[in-house]
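Its first residue numbered 1, the sequence shown is counted upward by one per residue in the numbering used here. Inspection log for the structure reproduced underneath, given as structure tokens.
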Amino acid sequence: MSRIRTTETTPGAEEEGVAEAAPVATIRVTYRKSAIGYAQDQKATVAALGLRRLHQTVVHADTPAVRGMVQKVRHLVSVDGVPADSPELAAAAAGGGEVHDASSRRES
Numbered sequence: 001m002s003r004i005r006t007t008e009t010t011p012g013a014e015e016e017g018v019a020e021a022a023p024v025a026t027i028r029v030t031y032r033k034s035a036i037g038y039a040q041d042q043k044a045t046v047a048a049l050g051l052r053r054l055h056q057t058v059v060h061a062d063t064p065a066v067r068g069m070v071q072k073v074r075h076l077v078s079v080d081g082v083p084a085d086s087p088e089l090a091a092a093a094a095g096g097g098e099v100h101d102a103s104s105r106r107e108s
């Protein structure tokens, strides 16, 4: 669990300077395709996600802002092992389900 330090101090509460934070959902974004030849704003979005080289993976909090950045460069990245422009990821995001690597699924 992560802990955050509170900025408020009350008299006699020196021992209570650390508060529990709620667990934050995360997503793993992997840089799969080069941004060479794409618009400058897409290159900037890849850089803003913290991606510097191909096949690099970064972990971000699952927020609307990060989801929007991933949506913008969905043809260049994958999320949690599934290409961001795949129908599987869109269905999982709409249904709130967990995304799994497509190679680990068994066909029945």
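Each residue gets a CB set at the ideal place from its N, CA and C atoms; glycine is no exception.
For T30, the secondary structure class from DSSP, reduced to helix, strand or coil, is strand.
Looking only at P23, S34, V46, T57, the smallest Cα-Cα distance to G81 is reached by T57. Spatial neighbours of P83 in its own chain (CB-CB distance under 6 angstroms, excluding positions within 5 residues in sequence) are not present. Pairing V79 with R32 gives a Cβ-Cβ distance that is not under 8 angstroms. If you draw a straight line from the Cα of Y38 to the Cα of A21, it is about 39 angstroms long.
Straight-line spacing of the CA atoms in Q40 and A25 works out to 30 angstroms. Of the residues A61, T45, D62, the one whose Cα lies closest to the Cα of R74 is T45. V58 sits in a strand when the DSSP states are folded into three classes. Linking A47 to D62 through their CA atoms gives a straight-line distance of about 18 angstroms.
A straight line joining the alpha-carbon of H55 with that of T30 spans about 6 angstroms.
If you draw a straight line from the Cα of K43 to the Cα of P64, it is about 20 angstroms long.
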